[in-house]
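Here's the structure we're looking at; comments come further down.
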Amino acid sequence: MASGGKHIIPFNVYIKVLLALLALTVVTVLVAQVHFGAFNTVIAMLIASIKAGLVLAIFMHLKYDDKLYVVWFGSAVFFLVVLWLFCWTDFYTRVFQGPIL
Amino acid sequence: MATAAHSGKNYLNEKSGLWSWLTSLDHKRIGIMYMISVMIFFAIGGTFAMLLRWELFGAGPTIMNAHQYNQTMTFHGAIMVFMVIIPGIPAFLGNFILPLHLGAKDVAFPRVNLMSWYCLMVGSAIAFWSLFYHGSDTGWTFYTPYSVTTQNGTIWLVFGAFIIGFSSILTGLNFIVTTHKLRAPGMSFWRMPLFVWALYSTALLQVLATPVLAITLLLLAMERLLGIGVFDPNLGGDPVLFQHFFWFYSHPAVYIMILPAMGVVSEIITAFSHKTIFGYKAIALSSVGIAAVSFFVWGHHMFVSGQSEIAGIIFSFITMLVGVPTAIKCFNWVATLYRGSVRFDSPLLFALGFLFLFTIGGVTGIILATVGIDVHFHDTYFVVAHFHYVMVGGTLMAIMGGIYYWFPKMFGKLVNEFWARLSFVFIFIGFNVTFFPQFVLGAMGMPRRYFDYLPEYEPLNRISSFGAWTIGVGFLIGLGVIIHGLLRGKPAGPNPWGAKTLEWTTASPPPHENFLVQPVVTAGPYEYR
Amino acid sequence: MSTVSSSQHNNGHHHAHHFESAEAEYHASKFGTWTFLVTEILMFGGLFVGYILYHERYPQMFHAGSTFLDWRLGALNTVVLLFSSLTMALSIYYAQMNDKRKVLINLYITLACGFVFMIVKAFEYTSKFSHGLFPGKYFNPHEPHAIQLHQQFPDLAQYFSFYFTMTGLHGSHVLVGMGLIGWLIYRAHKGEFHSGYYTPVECVGLFWHLVDLIWIYLFPLLYLVG
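Next comes the structure, spelled out in C-alpha cells:
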C-alpha cells in the first residue's frame, strides 16, 4: 500500500545498480594504473561522478522524487564549483614575485 | 480548542515557569528567547563599542593599552556579527513572524528550532570562555597566519563561532522547509509577504554558506593544534586561501544580516503608507537575486591581500552588480511611499532611517568595490564607516523598527509612541554624528584597528565619540520603551496598525497554535487600495 | 490533538500537530534531510576544494604521499560501503513491503558494514602512525624511503594533513551514521516501521548514502590519483 507519490523501485534494479557500482570501482582502479598524465584525475573524477549519479538517482530515489531536491542538491554542487573556480582563478593568475622569505 | 481564546489563553500565559520556556517548542516563545539573548549580547557588544570610542576620544592611551584595545575590538566585532546581527532578524523576528505570515501553526521542525537556540547559547558561552584565556586579539575575521600563532584564547572564540554557525544553519533549514511545506491553503509563492521572501533568501544563504565557515574554522583549529599546513606558508599552505574560504561564507553573511532587514522595511513601509507595495515581484525577486549574486563577490574583501589582479578585477566587476537589485528595492520603497496615506509612527521612522542610512552605506560600497579606489581606502576608517552604515544604519534600524512594529502582536500591548520616536531621534542623529566623520577620517588616511592615531585626527574622533554615546542613550531609551510597554502598555487589539498580512488577523498575543481557524488565502498580502 | 481520523493510512504513527497530514510531515522531513545533505556537501566541499587546489600546486608531492596508502584497503572499503548502501536502500524497500524481519536483517548488515569500514580504517591509521606518518607538525617519518621523500618534499606533511582530515571527518560521519542505524534497529524491533510510516529509515538512509557518496570521491582522490 504505497500512499500517493511514494514510488517503489523494484528489487532487481537495486542489485543491478550495485553491480554497476562495483564494476565502475574496478574500472577506476584499472585506469589509475595507466598513465594519462593530468587526465588521470579527470577520468577518475568522471567515473566517480557516474557512480555518484547512480547512488543519487536510485539508492537515494532522486530519479522518482520531487524535482525540487534535484535543483536543491545541484545548487550545492554548483556553489562548490564557484568556490573552486574563483580560488583557482586566483591561484593560477598570480604573478610570482620570487621567494619573499 | 475554540474555548482557549475566549478564556484569554495565549502563548505567553498558557504555561508558566522558566522551565516551560526553556523547553518550549512554540516558535513564538523561542523567538522571544532569541529576543532576550540577542538584546543581552547587544548590550555587551555595545558596551565594548562605547569603551572603544572612549579610548579613541583622544590621541594617546586613554583608558586602555593597545593589547586591551585589540581584544575589545575583537569581541565587539565577534559579538555583534555572530551573536547579534546574524541571529537578530531571522532567528528573533523571523522565528516569531514567519509561521504567522504563512498561516502555519509552527515552523516545520520545532525541536530543531529549540536546538538552534541552544546552539547559540552554548556557542556564545564557549566564545566568552576565551576571556579566561586572555581573550583574543585577531579581529572577528581570524585571519591566518596571525590567528594561528597568537598565544591566547582564540581557539575558544573560533570554536564558539563554529557552534553558533550550527544555530544559523538550523534556523535556515527550518525556514526553507517551512516556507515550502507549511504555507496556508491558497498561499502561493506570489502571495507570500515580502518579509517571507527575504527570510527565504536569507535561509538559502545560511544553508549554503555557513557550512564553508564550519570547515574553515575546523581547519583553522587544526592548524593551531596540529600545524596541518593548509594555511601556513611555512608548511606549504596559503594564507590567502583562508581568506577565500572565510569570505565565501562571510560575504553572504553580510546579506544574511541585511536581507531580512530589507524584508522588515518592506512590511513597515507598505503598512504605514497604507498602500499596496509598489513592485511586489521586483522586490521579492531582488531578494533572491541579491542572495544569488552574493556568492560571486567575496574577493572584494581581498583586493590587497595578495590575491591575483585578474581575480580582483573580476570580483570588482561582479560586485557592482549587487547595486542593481538593491537599488530596485530602494526605488520601489520610495514609490510605495509616494501618494500613500503615510503615518509617521516609530516603525516608519526607523524604516525611513534605514532607507537614508542604507543608501549612504550602499553607495559607499560601490566606491569600495572599485579596485583602484579600494587600494587607497582599504583598512581605513572609510571601510569602518561604510559597513557600520550598512549593518547598524541598515540592520539595527530595521530591528528596532521591527520590534516597534510587531511589539503589539508579540505582547498585546502598545509602546509609548513619544518615547519610541525620541529613541529614533537619538539613534539616528547619534549614528550620523558617529560615522559620517569616519568617512572623512578614512579619506584622510586614518587606518582602522589601531588604538591610537595621529594628533590631526583628534577633532573628528571626538565628534565621533560623542555621537557613539548619543546612540547609546538612544538604545537605552529604546530599552526603556520596551520595558515600559511590557509593564504599562495599553492593550493593542489584534491590528493596531491596520496592516493586511495574516499575523494581524489573529489575537494579540496569538494563541498557542497561532490561528483558531486555519486561514485560507485568497489574495495577495498587501491589498490596501 | 485527538484527530485520529487524520492518520488513516498510517496505523499507529501520530504526526506532529502542526502538519495537516502524515503525508505532509513525511515530505517535510525528507526536504529537511535533503537540506541537511546540502550543508554536508558544502562542508566537505571546502576540504575537497582545498585538496584539489594544493594537489594542482604540488602534484609530485601529492603523488609521493599517495604511495604510502594501500589502494587495496581503500578499494575494500569502497566495496564495503557500496554494499552497505545497497542494504540500506533495501531496508527502505522492505519497510515499503511491510516485511519487518527483512528490514531488520538489512539494517544489521548495514551496521556491520559500518563496523568493517571503521576496523579497516583503524588498521590503516595504526600502520601510518607506526611509521611516524602523523598529520602536520607531528609528521616524523622514520623509514628510509619516507625520510628520503620527506627530504625531497619538505611539505610532505601537508598531504597527510589532508589525508587525516578528510578521512577523519568522513570516519566521524560513518560513526554518527552507525549510531543512527542502531537507533533505527531499536525502533524497528518495536515494529514502528511499515509501509505507512518509514520516514526515519528513509532520512537516515539518505544520510548514509551521502557518506557513501563522499567516499566515492575520496577513494580515487586519495588512493589512486595521488
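Protein chains in written order, with the numbering used here: chain A, 1 to 101; chain B, 102 to 630; chain C, 631 to 856.
Glycine is no exception: its CB is placed at the ideal position from the N, C-alpha and C atoms.
Treat the numbers as computed from the prediction; the structure is a model and nothing was measured.
- Message: Contact criterion: CB-CB distance below 8 Å. Does Tyr69 of chain A meet it with respect to chain C?
- Response: Cβ-Cβ to chain C under 8 Å: yes for Tyr69 of chain A.
- Query: Residues bridged to Thr175 of chain B by DSSP?
  - Reply: Note: Thr175 of chain B sits in no beta bridge, so no partner.
- Mind reading off the beta-carbon distance from Met293 of chain B to Pro626 of chain B? Whole number of angstroms is fine, and I expect it under 8 Å. Right, their Cβ atoms sit about 7 Å apart.
- Item | According to DSSP, residues forming a beta bridge with Thr481 of chain B | Thr481 of chain B pairs with B:Pro548.
- With DSSP as the reference, please indicate the residues paired to Tyr558 of chain B in a beta bridge. Bridge partners of Tyr558 of chain B: none, in fact.
- Message: As an exercise, report each continuous alpha helix (DSSP H) stretch of at least 4 residues that is fully enclosed by the segment 695 to 730 of chain C, in chain order.
- Response: Complete alpha helix (DSSP H) runs here, min 4: 701 to 726.
- Query: From the beta carbon of Gly630 of chain C, is the nearest beta carbon of chain B less than 8 Å away?
  - Reply: Chain C is shown only over 631 to 856; residue 630 of chain C falls outside these bounds and no answer can be derived.
- Message: Check whether chain C comes within 8 Å of Leu318 of chain B, counting only Cβ atoms and requiring the distance to be less than that.
- Response: No - not a single Cβ of chain C is within 8 Å of the one on Leu318 of chain B.
- Query: When burial is assigned at 16 or more other CB atoms within 10 Å of the CB, is Glu604 of chain B buried or exposed?
  - Reply: That one is buried.
- If Leu814 of chain C sits next to Thr28 of chain A, beta carbons under 8 Å apart, how far is it from one beta carbon to the other, in whole angstroms? Not quite, the Cβ-Cβ distance comes to about 31 Å (not below 8 Å), so this is no contact.
- Residue range of the unbroken alpha helix (DSSP H) whose run includes His128 of chain B: Here the alpha helix (DSSP H) through His128 of chain B covers 128 to 156.
- Item | Spatial distance of Leu438 of chain B from Asn214 of chain B (CA atoms) | Each residue's CA atom was taken as its position, placing Leu438 of chain B and Asn214 of chain B some 36 Å apart.
- Where DSSP assigns a beta bridge to His800 of chain C, which residues make up the other side? The partner list for His800 of chain C (beta bridge, DSSP) is empty, contrary to what the question assumes.
- So is Ala624 of chain B buried or exposed if we call it buried at 16+ other beta carbons inside 10 Å? If you draw a 10 Å sphere on the C-beta of Ala624 of chain B, you find fewer than 16 other C-beta atoms in it, and that means exposed.
- Task: Would you mind sorting Phe290 of chain B into buried or exposed? The rule is 16 or more other CB atoms within 10 Å of its CB.
- Result: Its Cβ having fewer than 16 others within 10 Å, Phe290 of chain B is exposed.
- DSSP state of His824 of chain C, grouped into three classes? His824 of chain C falls in the strand class under three-state DSSP.
- For Val82 of chain A and chain B, any beta-carbon pair shorter than 8 Å? Under the Cβ criterion of 8 Å, Val82 of chain A is counted among the residues facing chain B.
- Message: Using a 10 Å radius around the Cβ and a threshold of 16 neighbouring Cβ atoms, would you call Asp238 of chain B buried or exposed?
- Response: With 16 or more other Cβ atoms within 10 Å, it is buried.
- Express the C-alpha separation of Gly254 of chain B and Gly454 of chain B in angstroms, rounding to a whole number. Cα-Cα distance, rounded: 38 Å.
- chain C partners of Ala48 of chain A, CB-CB under 7 Å? Within 7 Å Cβ-Cβ: Ile846, Tyr847, Pro850.
- For Gly132 of chain B, count neighbouring C-beta atoms within 10 Å of its own C-beta (all shown protein chains included) and say buried if the count is 16 or more, exposed if not. The residue in question, Gly132 of chain B, is buried, as its Cβ has 16 or more Cβ neighbours within 10 Å.
- Buried or exposed (CB count within 10 angstroms, at least 16 for buried), Gln788 of chain C: Around the CB of Gln788 of chain C, 16 or more other CB atoms lie within 10 Å, so the residue is classed as buried.
- Host alpha helix (DSSP H) of Lys282 of chain B (start-end): That run of the alpha helix (DSSP H) goes 255 to 282.
- Identify whether Pro592 of chain B lies in helix, strand or coil by the three-state DSSP scheme. Shown here, Pro592 of chain B sits in a strand according to DSSP, grouped into three states.
- Per DSSP, cross-strand counterpart(s) of Lys514 of chain B: Looking at the DSSP assignment, Lys514 of chain B forms a beta bridge with B:Pro592.
- Rounded to whole angstroms, how far is the Cβ of Phe416 of chain B from the Cβ of His401 of chain B, which I believe are closer than 8 Å? Indeed, because the Cβ distance is near 5 Å, the residues count as touching under 8 Å.
- Query: If you draw a straight line from the C-alpha of Val139 of chain B to the C-alpha of Leu85 of chain A, how long is it?
  - Reply: Just so you know, the alpha carbons of Val139 of chain B and Leu85 of chain A end up roughly 37 Å apart.
- Name the chain C residues that come within less than 7 Å of Val308 of chain B, Cβ to Cβ? The answer, in chain order, is Thr665, Val668, Thr669.
- Message: Taking CB distances under 8 Å as the criterion, tell me whether Gln619 of chain B reaches chain A.
- Response: Answer no: the Cβ-Cβ gap between Gln619 of chain B and chain A never drops below 8 Å.
- Query: Can you list, in chain order, the stretches of the alpha helix (DSSP H) that have 4 or more residues and sit fully within the segment 735 to 788 of chain C?
  - Reply: Taking only runs of at least 4 residues, the alpha helix (DSSP H) segments lying wholly in the segment 735 to 788 of chain C are 774 to 782.
- Item | chain A residues whose Cβ lies nearer than 9 Å to that of Val355 of chain B | The CB of Val355 of chain B never comes closer than 9 Å to any CB in chain A; the least such distance is about 16 Å.
- Could you say if the segment 485 to 497 of chain B and the segment 535 to 547 of chain B meet the contact criterion of at least three C-beta pairs nearer than 8 Å? Contact between the segment 485 to 497 of chain B and the segment 535 to 547 of chain B is present, because at least three Cβ pairs lie under 8 Å.
- Message: One question on the structure: do Trp631 of chain B and Ala383 of chain B come within less than 8 Å of each other, judged by their Cβ atoms?
- Response: One cannot answer for residue 631 of chain B here, as it falls past the ends of chain B, which runs 102 to 630.
- Kindly indicate if chain C contains any beta-carbon less than 8 Å away from that of Lys51 of chain A. Yes, Lys51 of chain A counts as interfacial toward chain C.
- Task: Could you check which residue in B:Phe552, B:Ser524, B:Gly224, B:Ser609 has the C-alpha nearest to that of Phe158 of chain B?
- Result: Relative to the Cα of Phe158 of chain B, the nearest Cα in the group B:Phe552, B:Ser524, B:Gly224, B:Ser609 belongs to B:Phe552.
- Supposed close pair Ser406 of chain B, Val341 of chain B - CB separation, criterion 8 Å: For Ser406 of chain B against Val341 of chain B, the beta-carbon gap comes to about 5 Å, under 8 Å, which counts as contact.
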